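Q: Top to bottom, those sequences are chains R and Y. The first sequence lines up with residues 23 to 237 when you count with the numbering used here. The second sequence lines up with residues 23 to 237 when you count with the numbering used here. Where is the CB? At the ideal position from N, CA and C, for every residue including glycine. This one's a predicted model, so the numbers in the text were calculated from it and none came from an experiment. Supplied in structure tokens, the structure appears directly below.
Number of protein chains: 2
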Amino acid sequence: MDMMATAGAEKNDRTTRIQEINRKVILDAALEVFSVYGFRGTTIDQIAEKAGMSKPNLLYYFKRKQDIYASVLEETLEEWLRPLHELNPLGDPVEELRRYISFKLHMSAKKPEASRLFANEILHGAPAIQNFLKTSLKKLVDEKADVIRQWVSQGKLAPIDPYHLIFMIWATTQHYSDFDVQVRAILGNQVDRPGFHEQTAQAVLSLILNGVKVR
Amino acid sequence: MDMMATAGAEKNDRTTRIQEINRKVILDAALEVFSVYGFRGTTIDQIAEKAGMSKPNLLYYFKRKQDIYASVLEETLEEWLRPLHELNPLGDPVEELRRYISFKLHMSAKKPEASRLFANEILHGAPAIQNFLKTSLKKLVDEKADVIRQWVSQGKLAPIDPYHLIFMIWATTQHYSDFDVQVRAILGNQVDRPGFHEQTAQAVLSLILNGVKVR
DNA sequence: TTAAAACTTGACCAGTCGGTAAAAACTCAA
DNA sequence: TTGAGTTTTTACCGACTGGTCAAGTTTTAA
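Structure (structure tokens):
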């Protein structure tokens with residue numbers, strides 16, 4: 023499997039209003055279903071039902087199951103990585119990291135499906151986005167690792183490995199969406215109490231930032 | 023789906039030598055396959071082939087696919103949680119955490135299949151081990167969270183939330199097995215260099231422990 | 001108004017997969 | 001050696017699922 027462009031509808035390559043609407047409806051439904059059941063665990067019928075249309079109709083917009091999957095991934099990837107893009111080399115390091123972590127936690131809470139979709143894809147060897155990981159993602163991370171390394175060499179951060187720091191931030195923030203059931207099993211229904219998200223952010227921030235500040 | 027006992031072979035409930043061997047062969051094969059493809063993504067034929075026997079023969083030992091899956095999970099769970107059990111309330115807090123983190127990282131590197139198996143199960147809502155999570159696991163974590171809380175109140179650790187600390191340790195250590203492809207895509211083949219595992223351990227340890235030490 | 005293009009659907013097909021049936025092959029204690 | 005119990009295999013079934021087809025309905029541009 024490999025990342026590929028969205029298959030258009032027949033003959034003409036113009037995108038009609040109906041196409042625009044239905045593609046979006048399908049991709050929204052697909053995200054919901056794929057993120058819960060994974061690629062193999064998802065049936066086209068499930069997506070079609072959630073999208074409120076028949077299977078052949080759905081297949082009119084996306085010729086194969088993989089096309090839907092690749093499109094959902096593509097759509098969500100950019101949004102998911104934007105916060106890292108915004109890590110500002112000129113800002114205050116601790117403040118920048120605080121912003122980044124807060125935002126990632128916020129995304130995890132607000133859109134856990136996206137996180138789970140990736141987690142599942144990567145867990146299964148990233149068949150559809152391997153190339154993306156090795157090019158775009160690597161480039162972005164290398165860039166930001168450089169930023170962090172400079173912060174360190176300027177004495178603004180403790181001498182930490184930037185890559186492992188980034189991995190730790192990813193792992194920790196996404197844990198709360200990917201392993202939601204486990205978190206719930208252990209913390210019980212306090213997870214649903216109003217202030218929980220803020221408490222979590224507070225705890226995670228102080229843990230990571232303390233490990234990163236100069237002493 | 024729910025956790026269930028291993029289905030024995032027919033009539034007599036005595037476990038023969040052949041049964042013992044074949045059950046183990048099957049469970050080893052099953053761990054390999056399930057951890058890569060997940061429950062739905064795995065076919066009984068795949069497991070049977072890896073185990074070197076025919077599908078009906080495999081089904082002679084485990085009546086249904088779910089039984090194999092449940093058995094593999096059950097078998098691996100205990101081993102996976104043992105290090106947390108060994109967190110010693112009487113030891114030096116930072117040293118105990120160092121040991122725990124090191125051991126988890128070591129397990130992630132040595133037996134990534136186990137980690138991936140759980141990650142996959144939990145990611146999909148933990149249908150087979152929900153009950154385990156809510157009872158055994160919760161009890162264990164509550165216990166150890168208490169230990170950490172006491173360390174904090176004795177002034178031996180910075181004032182951190184014990185649950186979020188545990189989550190962070192889990193998330194970070196398992197990241198290296200669960201998201202192996204992503205780590206590889208970003209770090210390249212340095213991952214396979216001899217000292218890599220030690221470097222990672224060093225980086226992760228200093229990050230987490232710095233966040234935890236009293237200042 | 002109209003006809004071409006776009007959209008939708010019911011019927012269906014072929015491959016896959018979990019699981020069964022029944023009989024053959026093997027093991028082992030007496 | 002023998003036969004009861006255990007293990008293995010061949011053949012097969014029915015449900016599911018990804019995807020196709022052809023015919024119908026709706027939309028849209030002229």
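Determine the extent of the alpha helix (DSSP H) in which R:F189 is found, giving its start and end residues.
A: By one-based count along the first sequence, residue 189 of chain R stands at place 167. R:F189 -> alpha helix (DSSP H) spans 184-200.
Q: How far does the alpha helix (DSSP H) with R:Q172 in it extend, from its first residue to its last?
A: If you number the first sequence from 1, residue 172 of chain R lands on position 150. Note, R:Q172: alpha helix (DSSP H), 160-175.
Q: Going along the chain, which residues of the stretch 190-201 of chain Y sit with their C-beta nearer than 8 Å to a C-beta in chain R?
A: M190, W192, A193, T194, Q196, H197, Y198, D200, F201
Q: Below 8 Å, how does it come out for the stretch 100-107 of chain Y and the stretch 167-177 of chain Y: are there three or more Cβ pairs, yes or no?
A: Inter-segment contact for the stretch 100-107 of chain Y and the stretch 167-177 of chain Y is absent: fewer than three beta-carbon pairs are separated by less than 8 Å.
Q: Roughly how many whole angstroms lie between the Cα atoms of R:V226 and R:A180?
A: As a position in the first sequence, residue 226 of chain R is number 204, starting the count at 1. As a position in the first sequence, residue 180 of chain R is number 158, starting the count at 1. So the alpha carbons of these two residues sit roughly 18 Å apart.
Q: From what residue to what residue does the alpha helix (DSSP H) around Y:P105 run?
A: Counting from 1 along the second sequence, the entry for residue 105 of chain Y is found at position 83. Its alpha helix (DSSP H) spans residues 87-107.
Q: Counting only C-beta atoms, is R:H186 closer than 8 Å to chain Y at any point?
A: As a working mapping, residue 186 of chain R is identified with position 164 in the first sequence. Interface residue, yes.
Q: Using beta carbons (cut-off 8 Å, strictly below), is R:S130 in contact with chain Y?
A: Working through the first sequence from its first residue, we reach residue 130 of chain R at position 108. R:S130 does not count as touching chain Y.
Q: CA-CA distance, R:I90 and R:S130?
A: As a working mapping, residue 90 of chain R is identified with position 68 in the first sequence. As a working mapping, residue 130 of chain R is identified with position 108 in the first sequence. Cα-Cα distance, rounded: 23 Å.
Q: Between R:R62 and chain Y, is the shortest Cβ-Cβ distance under 8 Å, so that the two count as touching?
A: Sequence index remark: in the first sequence, residue 62 of chain R carries index 40 (1-based). True, the Cβ-Cβ gap to chain Y drops below 8 Å.
Q: Got a sec: which bits of the stretch 115-126 of chain R sit with their beta carbon under 7 Å from any beta carbon on chain Y, in order along the chain?
A: none
Q: Would you report the Cα separation of Y:K235 and Y:R120, rounded to the nearest angstrom?
A: What you label residue 235 of chain Y is simply residue 213 of the second sequence in a count that begins at 1. What you label residue 120 of chain Y is simply residue 98 of the second sequence in a count that begins at 1. A direct Cα-Cα distance of roughly 11 Å separates Y:K235 from Y:R120.
Q: Give every residue of the same chain whose Cβ lies closer than 6 Å to the Cβ of R:E178, excluding the five residues on either side of it in the sequence, and list them in chain order.
A: Along the first sequence, one-based indexing puts residue 178 of chain R at 156. Residue identity check: residue 178 of chain R is Lys in the sequence provided, not Glu. Hits under 6 Å: P115.
Q: Taking only three categories from DSSP, how would you classify Y:M75?
A: Looking up residue 75 of chain Y in the second sequence gives position 53. Looking at Y:M75 - three-state DSSP - the assignment turns out to be coil, as it is neither helix nor strand.
Q: Going by alpha carbons, who is nearest to Y:S199 out of Y:H186, Y:H219, Y:F189, Y:L187?
A: Locating residue 199 of chain Y in the second sequence gives position 177, counting from the first residue. It is Y:H219 whose Cα lies nearest to the Cα of Y:S199.
Q: Relative to the C-alpha of Y:F13, which residue among R:V169, R:S137, R:Q204, R:Q224 is closest?
A: Limits of chain Y in this structure are 23 at one end and 237 at the other, which puts residue 13 of chain Y out of reach.
Q: Could you check which residue in Y:E42, Y:E118, Y:T37, Y:K72 has the C-alpha nearest to that of Y:E54?
A: Here the question's residue 54 of chain Y lines up with position 32 in the second sequence. Checking every option, the nearest Cα to that of Y:E54 belongs to Y:K72.
Q: Interface residues of chain Y around R:L229 at Cβ under 7 Å?
A: As a first step, residue 229 of chain R must be located in the first sequence, where it is residue number 207. Those are I182, H186, L187, M190, G233, listed as they occur along chain Y.
Q: What whole-angstrom Cβ distance do R:L127 and R:E118 have, given they're in contact under 8 Å?
A: Your numbering for residue 127 of chain R matches position 105 in the first sequence. Your numbering for residue 118 of chain R matches position 96 in the first sequence. Not a contact, Cβ separation roughly 15 Å.
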